[in-house]
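Chemist: Residue numbers (my numbering): 75 to 690. Beta carbons: idealized from backbone N, C-alpha and C, even for Gly. This structure is a prediction, so every number in the text was calculated from the model and none was measured.
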Ligand SMILES: Cc1ncc(C[n+]2csc(CCOP(=O)(O)OP(=O)(O)O)c2C)c(N)n1
Ligand SMILES: [Mg+2]
């Protein structure tokens with residue numbers, strides 16, 4: 075006879091989440107390892123009460139992490155999920171209204187990067203008994219709308235639990251999408267505040283331990299035969315390794331396949347580290363932020379084997395990079411596999427690589443050796459950038475690369491992702507964590523916190539620009555609260571170096587890209603701002619060290635590594651040599667303008683655009 079337990083909807087939800095596991099290759103992980111949140115009306119009396127009641131503080135089945143900003147807490151969940159190869163993540167609970175809409179950016183970031191996060195925004199009364207409540211958006215056309223509907227287009231699964239009876243199906247639907255490699259992303263369960271507190275007799279099966287098998291779909295035999303034929307016809311193949319290689323745990327299979335068949339391996343931002351930087355087939359970063367080695371090969375390749383990549387415009391150099399190639403795409407998601415009119419293998423990356431390994435075929439030996447020569451030349455160039463005597467950004471990365479061996483580097487926006495993509499030397503796949511699907515300023519510290527929670531045994535180095543830091547530094551307080559140690563390298567160049575350079579190149583005169591007071595001519599080109607970011611970091615509870623040259627930077631980083639406390643190493647960089655773009659990026663320029671700079675930029679733009687292809 076089935077038994078029941080009487081609990082509130084929120085209590086049932088918390089008890090259910092603590093019992094969810096993933097399994098892949100026989101290894102199990104907690105699917106929801108904890109719950110980040112900020113309480114207010116809409117979640118304090120429901121989920122807040124349920125979390126308080128569940129257990130004994132830090133040993134709670136679903137530990138609670140108090141965050142400082144709802145967007146940031148979703149970044150933390152994303153960092154956690156990515157470092158866990160999507161097998162484990164965090165839930166995020168918010169109050170209604172601004173708490174919920176603050177999560178929209180984090181949700182978009184998760185969905186774009188194909189990373190699982192579970193969002194639990196509070197919602198209006200299902201009974202509407204007291205409408206309009208504080209923070210309610212009223213829509214005169216329909217009472218069935220709340221701000222949580224903003225989360226629909228950025229979620230891969232979205233549901234509103236208007237009655238207790240709806241909870242079990244909503245939960246199962248949510249877990250299915252979180253654990254499906256092809257569908258995963260942000261998952262939202264909007265929870266009306268009155269329903270959260272409502273009691274119901276739940277069947278006890280709801281709280282049984284449940285293991286979600288994370289699938290490794292195998293390639294269809296006919297598709298495999300077509301792929302094999304393409305391989306056998308190729309003399310100059312190039313692999314483009316994306317994040318899917320890492321999430322599938324296919325890095326060893328990729329390295330073996332590349333060696334056996336003599337195929338150079340280029341990497342996207344999400345795929346960087348899939349093969350060690352000094353692997354004989356590694357040619358490094360590809361695309362607009364690519365190495366000369368990879369981008370040269372991309373232009374000459376006759377076959378591009380995309381594995382676990384979504385082919386963003388940075389990867390394809392806005393569809394100007396691959397000039398002679400056909401595409402063979404291996405992807406667990408049919409949507410991505412089909413891009414660029416490719417021959418498709420809709421499959422798990424590891425399974426597909428194992429199957430393709432049996433094809434009796436090799437790239438032209440001249441092509442393989444040329445790739446190795448180009449890669450060696452790029453390594454020599456990296457040494458030159460790393461070896462400067464002044465604190466330019468590449469020199470900062472060089473010193474950090476030396477100190478950070480075995481650690482994880484975290485970054486997201488500004489000029490650093492490009493420099494990191496081209497120059498960073500990663501020896502294992504977990505060492506490189508640059509969020510470049512959404513490239514969201516403010517991800518760095520919050521995301522780094524999630525990385526460290528997921529991989530406490532690793533040193534986590536957060537690289538953050540002054541612009542990103544000013545947008546979202548407050549999670550330093552959360553790291554201090556949790557005793558979670560981060561090494562944060564704060565790179566101050568007085569504004570938006572990246573967008574400043576882009577602005578100049580499109581004839582926009584660097585408007586609004588330097589941090590300066592309003593000057594005599596009415597433009598933002600006056601005095602340097604008297605903002606002290608090092609003091610700001612100290613005020614949030616971090617230890618702060620300052621570096622003025624490569625030697626003091628090395629010493630400060632060593633001290634930060636030795637310390638058990640979250641430490642910010644503050645660095646003011648100087649402009650200096652940095653690797654330039656080897657391939658284009660399409661940013662449209664004004665077609666008419668009174669500015670000579672804009673007219674010149676448009677001429678360049680029109681010329682570059684001629685190389686753009688539809689990839690049919
Ligand atoms: C949330 C968000 N807003 C705007 C942008 C556009 N953007 C990209 S980089 C950048 C400037 C970043 O400045 P900083 O962190 O100081 O890095 P720097 O460019 O100086 O290296 C801006 C405004 C963005 N990526 N994310
Ligand atoms: Mg800056």
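1) Got a sec, what are the start and stop residues for the alpha helix (DSSP H) residue 467 sits in?
2) Between 101, 125 and 150, which has its C-alpha nearest residue 524's C-alpha?
3) Taking the alpha-carbon positions, what's the residue 477 to residue 264 distance?
4) In angstroms, rounded to a whole number, what distance separates the CA positions of residue 698 and residue 117?
5) Looking at residue 344 and residue 522, is the spacing between their C-beta atoms short of 8 Å?
6) Sorted by chain position, which residues of the same chain lie with C-beta nearer than 6 Å to residue 365's C-beta, five sequence neighbours on each side aside?
7) Could you tell me whether the Cβ atoms of residue 356 and residue 339 are closer together than 8 Å?
8) With a threshold of 7 Å (Cβ to nearest heavy atom), would residue 409 be considered close to ligand 2?
9) Below 8 Å between beta carbons: does that hold for residue 306 and residue 441?
10) Within 8 Å (strictly less), CB to CB, does residue 656 reach chain B?
11) Between residue 437 and residue 250, is the Cβ-Cβ spacing less than 8 Å?
12) Does at least one heavy atom of ligand 1 sit under 7 Å from the Cβ of residue 570?
13) Report the residue from 604, 406, 382 and 378 whose alpha carbon sits nearest the alpha carbon of residue 397.
14) Under three-state DSSP, which class holds residue 195?
15) Checking 8 Å against the spacing of the C-beta atoms, do residue 144 and residue 187 come in under that value?
16) Roughly how many angstroms lie between the CA atoms of residue 80 and residue 393, to the nearest whole one?
17) Do residue 560 and residue 640 count as a contact pair if the criterion is CB distance below 8 Å?
18) Checking 8 Å against the spacing of the C-beta atoms, do residue 412 and residue 418 come in under that value?
19) State buried or exposed for residue 217, treating a residue as buried only when at least 16 other CB atoms are found within 10 Å of its CB.
20) I'd like to confirm the pairing. Which residues does DSSP put opposite residue 485 in its beta bridges?
21) Whole angstroms are fine: how far does the CA of residue 288 sit from the CA of residue 406?
22) Name the DSSP bridge partner or partners of residue 166?
23) Just to check, is the beta-carbon of residue 516 closer than 7 Å to a non-hydrogen atom of ligand 1?
24) Evaluate residue 461 with the Cβ neighbour count: other Cβ atoms within 10 Å of its Cβ, from every protein chain shown; 16 or more gives buried, anything less gives exposed.
25) I want to check one thing, is the minimum distance from the CB of residue 541 to the heavy atoms of ligand 2 below 7 Å?
26) Assign residue 342 to one of three DSSP states: helix, strand, or coil.
27) Under a three-way DSSP split, which group does residue 605 fall into?
28) Looking at the structure shown, is residue 236 part of a helix, part of a strand, or coil, going by DSSP?
29) What number of angstroms, rounded off, separates the C-alpha of residue 268 from the C-alpha of residue 520?
30) Can you give me the Cβ contacts of residue 189 inside the same chain, cut-off strictly under 6 Å, excluding the 5 residues immediately before and after it?
31) Which residue comes first and which comes last in the alpha helix (DSSP H) that contains residue 185?
32) Given that a residue counts as buried once 16 or more other Cβ atoms are within 10 Å of its Cβ, and exposed if not, what is residue 585?
33) Just the C-alpha distance for residue 94 and residue 106, rounded to the nearest angstrom, thanks.
34) Less than 7 Å between the CB of residue 567 and some heavy atom of ligand 2, yes or no?
35) Leaving out the 5 sequence neighbours to the left and right, which residues in its chain are closer than 6 Å to residue 279 when beta-carbon positions are compared?
36) Closer than 8 Å is the cut-off here; do at least three beta carbon pairs connect the stretch 198-207 with the stretch 527-534?
Modeler: Quick answer:
1) Residue range 467-477 is occupied by the alpha helix (DSSP H) that includes residue 467.
2) In this structure, 150 is the residue among 101, 125 and 150 with its C-alpha nearest to the C-alpha of residue 524.
3) Linking residue 477 to residue 264 through their CA atoms gives a straight-line distance of about 44 Å.
4) Examination of residue 698 is not possible in this model, given that the chain is present from 75 through 690 alone.
5) Not a contact, by the Cβ cut-off of 8 Å.
6) Close CB contacts of residue 365 within its chain, under the 6 Å cut and outside five residues either way in sequence, are with 358, 359, 452 and 496 (chain order).
7) Cβ atoms of residue 356 and residue 339: closer than 8 Å.
8) Taken from the Cβ of residue 409, every heavy atom of ligand 2 lies 7 Å or farther away.
9) No, the Cβ-Cβ distance between residue 306 and residue 441 is not below 8 Å.
10) No chain B appears in the structure shown, which is made up of a single protein chain.
11) For residue 437 and residue 250, no; Cβs fall outside 8 Å.
12) Yes, the beta carbon of residue 570 sits closer than 7 Å to at least one heavy atom of ligand 1.
13) The shortest C-alpha to C-alpha distance from residue 397 to any of 604, 406, 382 and 378 is the one to 378.
14) Residue state, collapsed to three classes: strand.
15) Their beta carbons are not under 8 Å apart, which means residue 144 does not touch residue 187 by this criterion.
16) Straight-line Cα distance between these residues: approximately 58 Å.
17) Contact: yes.
18) Contact: yes.
19) Looking at its Cβ environment, which holds fewer than 16 other Cβ atoms inside 10 Å, residue 217 is exposed.
20) Partner(s): 508.
21) Between the C-alpha atoms of residue 406 and residue 288 there is a straight-line separation of about 12 Å.
22) 110 and 193.
23) Taken from the Cβ of residue 516, at least one heavy atom of ligand 1 lies inside 7 Å.
24) It counts as exposed.
25) Residue 541 Cβ: within cutoff of ligand 2.
26) In this structure, residue 342 counts as coil in the three-state DSSP scheme.
27) Reduced to three states, the DSSP call for residue 605 is coil.
28) Looking at residue 236 - three-state DSSP - the assignment turns out to be coil, as it is neither helix nor strand.
29) Rounded to whole angstroms, residue 268 and residue 520 show a C-alpha spacing of 31 Å.
30) In its chain, beyond the 5 residues on either side, 152, 155 and 156 have a beta carbon closer than 6 Å to the beta carbon of residue 189.
31) That run of the alpha helix (DSSP H) goes 177-186.
32) Under a 10 Å Cβ-count criterion, residue 585 is classified as exposed, with fewer than 16 other Cβ atoms of the shown protein chains found around its own Cβ.
33) Their backbone Cα atoms lie some 7 Å apart in a straight line.
34) Flag set: Cβ of residue 567 near ligand 2.
35) Close CB contacts of residue 279 within its chain, under the 6 Å cut and outside five residues either way in sequence, are absent.
36) Cβ pair count under 8 Å is below three, so no.
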